[in-house]
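What follows is one structure encoded as structure tokens, with my remarks underneath.
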Amino acid sequence: MSTSILPNQKVQPNERGPFWSNWRIWAAVVALLFALGISILFGSKQAAQRGYFGQRLFPPKEAFDFNLINQDAQPFQLHQLRGKVVLFLFGFTHCPNVCPTSLTNLGAVYQKLGPELRKQVQILFLSVDAQRDTPTALKNYVPWFDPSIIGLSGSKEAIDRTVQEYGGSYEIMPASSKDPNSYGVNHSAYIYLINPAGQLELLYDNDKLVDTDRMVGDIRKVLTEK
Amino acid sequence: MSPFGRHESGKRNGEFVRTIIRETTTWVGQNRKNQGKALARSRTGVLGVISEERMLKAVAVLGMVWFGVSPLVADEPNIRVDGAWMRAVPPSVSDTAIYLTITNLGKDKVALTGGKTLIADSVEPMITTKSGEGAKQELGMASVDSLEVPPGGKLVLEPGGNHLMVMGLKKHPAEGEKVNLTITLEPGGHEIRLEIPVSRKPVS
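Residue numbers (our numbering), protein chains in the order written: chain A, 97 to 322; chain B, 224 to 427.
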């Protein structure tokens with residue numbers, strides 16, 4: 097409505113100057129670059145993700161070869177499982193909610209795999225409660241969820257080192273009641289998928305496990321793409 | 224859905240229960256009054272028959288109340304409980320969890336303050352806590368005084384999330400068994416009795 101812009105209409109095309117002085121050109125160039133950047137960023141992320149349900153660690157890195165004790169009180173190292181897909185999680189047997197949920201879901205995933213794939217998969221549960229969770233305590237607990245699952249424990253040092261190497265953490269919470277043995281344990285509850293080459297490949301939030309079909313899909317994919 | 228895992232409470236149920244109570248007290252009163260006569264006469268006497276009828280009625284109704292319809296006694300608060308179950312755990316474990324959904328059908332907020340069951344020392348509301356970031360994020364739990372059910376809203380207790388923690392199991396019911404659970408709601412310290420299944424995974 098302002099009359100002050102009217103003089104612009106009188107400007108002749110040849111008075112506009114060279115094309116690069118037109119801001120519209122620059123706006124278009126910036127927009128193009130922006131779109132290109134976004135697509136490269138997300139494109140590569142998607143390429144690395146490769147359609148997996150779990151969060152893919154790219155490039156996959158060597159999984160820490162822990163030295164722990166299994167539920168039969170025998171030494172247990174990760175490299176013993178080379179050639180298998182390993183699903184590895186932390187917890188403790190006095191855990192009433194999160195751990196049983198994860199173990200139940202993982203047991204269901206294992207059963208859904210079918211007999212052939214099952215031979216190539218191992219679920220490991222490492223207790224971060226070195227004080228209470230002896231091999232016997234683990235043997236009474238872990239196989240109850242699925243007979244195939246192996247419970248692991250070890251010295252506090254060995255457990256701490258393993259948790260640290262996998263980027264997890266845990267914390268003993270003071271007992272709320274008078275019984276000093278009734279303490280709780282806060283712990284990271286991710287599930288690590290280690291591929292048959294012994295590399296950490298996928299990471300799952302514990303609440304993803306309930307989607308057993310997609311978990312099975314990931315395991316199948318890892319085994320066929322190895 | 225198990226008939227025990229679900230109940231609705233409301234005014235009608237309240238009236239229903241008041242009727243039961245009236246019937247029962249009437250019978251008790253009559254029976255007391257007529258006790259001497261009834262016994263002195265024969266058991267098939269007119270008054271005897273009436274009181275026996277009433278007695279049967281009352282016993283039948285009380286029986287219904289006893290076996291699972293008991294949650295109907297809830298007049299207030301106006302809530303519904305769905306899909307309640309207790310997690311089956313290995314015998315070596317002394318604690319477990321109960322999961323359920325409470326729908327608040329009323330206009331006032333209601334809070335679940337806990338519960339009790341004969342098979343354990345205590346039943347307490349717990350929340351799942353998250354601390355830290357990324358891969359180092361820790362899950363834990365914390366005891367709370369109550370879990371609120373907003374008016375027209377729901378309180379969902381589910382695996383991995385908030386739950387009723389069952390502490391000090393005295394026995395370990397197997398999967399498929401049922402256990403009695405009484406949950407307590409505020410305001411009013413209202414108790415609701417439920418019979419819930421024991422299961423390894425959510426019951427639908």
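Cβ atoms here follow ideal geometry from the backbone N, Cα and C, with glycine treated the same way.
Check	Outcome
Interface partners of GLU414/B on chain A, CB under 7 Å	What GLU414/B touches in chain A: nothing, since even the nearest Cβ is about 23 Å away.
Residues of the segment 193-212 of chain A with Cβ closer than 8 Å to any Cβ of chain B, in chain order	ASN193, VAL194, PRO196, THR197, SER198, THR200 and ALA204
Cross-chain neighbours of ALA233/A in chain B, by beta carbon under 7 Å	SER315
TRP308/A (DSSP reduced to helix, strand or coil)	Residue identity differs from the one stated: residue 308/A is Thr in this sequence, not Trp. Reduced to three states, the DSSP call for THR308/A is helix.
Chain B residues whose Cβ lies nearer than 9 Å to that of SER265/A	GLY355, ALA358, LYS359, GLN360 and GLU361
Residue range of the unbroken alpha helix (DSSP H) whose run includes VAL194/A	194-208
Per-residue burial, SER140/A [other beta carbons within 10 Å of its own, 16 or more giving buried]	exposed
Any C-beta of chain A under 8 Å from that of THR336/B	no
Simplified DSSP state of GLN236/A, which is helix, strand or coil	One detail in the question is off: residue 236/A reads as Asn in this sequence, not Gln. Here ASN236/A sits in helix by DSSP.
For ALA254/A, the first and last residue of its enclosing alpha helix (DSSP H)	252-261
Whole-angstrom distance between ILE136/A and ASP314/A, CA atom to CA atom	25 Å
Run of the beta strand (DSSP E) containing ARG152/A, from where it starts to where it stops	151-158
Helix, strand or coil at GLN145/A [DSSP, three-state]	helix
Any C-beta of chain A under 8 Å from that of ASP368/B	no
Helix, strand or coil at LEU328/B according to DSSP, with G and I counted as helix	coil
Assigned secondary structure, ALA127/A (DSSP; H/G/I helix, E/B strand, else coil)	helix
Test: SER272/A CB closer than 8 Å to a CB of chain B	yes
Meets three-Cβ-pair contact criterion under 8 Å: the segment 186-194 of chain A and the segment 316-328 of chain B	yes
Neighbour list for MET269/A in chain B, Cβ cutoff strictly below 7 Å	GLY363
Alpha carbon of VAL318/A to alpha carbon of HIS386/B, nearest angstrom	35 Å
Between the CA atoms of MET309/B and GLU398/B - distance to the nearest angstrom	9 Å
Contact set for GLU409/B: own chain, Cβ-Cβ below 6 Å, skip 5 residues either direction	ALA334 and THR336
Proximity test, Cβ basis, 8 Å: ASN166/A and chain B	no
Proximal residues of chain A, C-beta to C-beta of GLY383/B below 7 Å	ASN193, VAL194, THR197, ASN302 and ASP303
Chain-ordered chain B contacts of ALA169/A [CB-CB under 9 Å]	Here the premise fails: no neighbours, minimum Cβ distance about 16 Å.
Contact list for SER284/A against chain B, beta-carbon separation under 8 Å	GLY355, ALA358, LYS359, GLN360, GLU361 and LEU362
CB-CB length for TYR288/A against TYR262/A, believed under 8 Å	6 Å
Coarse secondary structure for ASN403/B, derived from DSSP in three states	strand
Selection from PHE138/A, TYR148/A and LEU132/A that minimises the alpha carbon distance to THR320/A	TYR148/A
Length of the line joining the Cα atoms of PHE154/A and GLY294/A	14 Å
Chain A contact residues for VAL312/B, given Cβ-Cβ distances below 9 Å	PRO192, PRO196, TYR237 and TRP240
Validate contact between the segment 203-221 of chain A and the segment 120-132 of chain A using beta carbons, cut 8 Å, 3 pairs	no
Distance between VAL379/B and THR405/B (C-alpha atoms, nearest Å)	17 Å
THR340/B (DSSP reduced to helix, strand or coil)	coil
Closer than 8 Å to chain B by CB, THR230/A	no
Backbone CA spacing between THR308/A and LYS274/A [nearest angstrom]	40 Å
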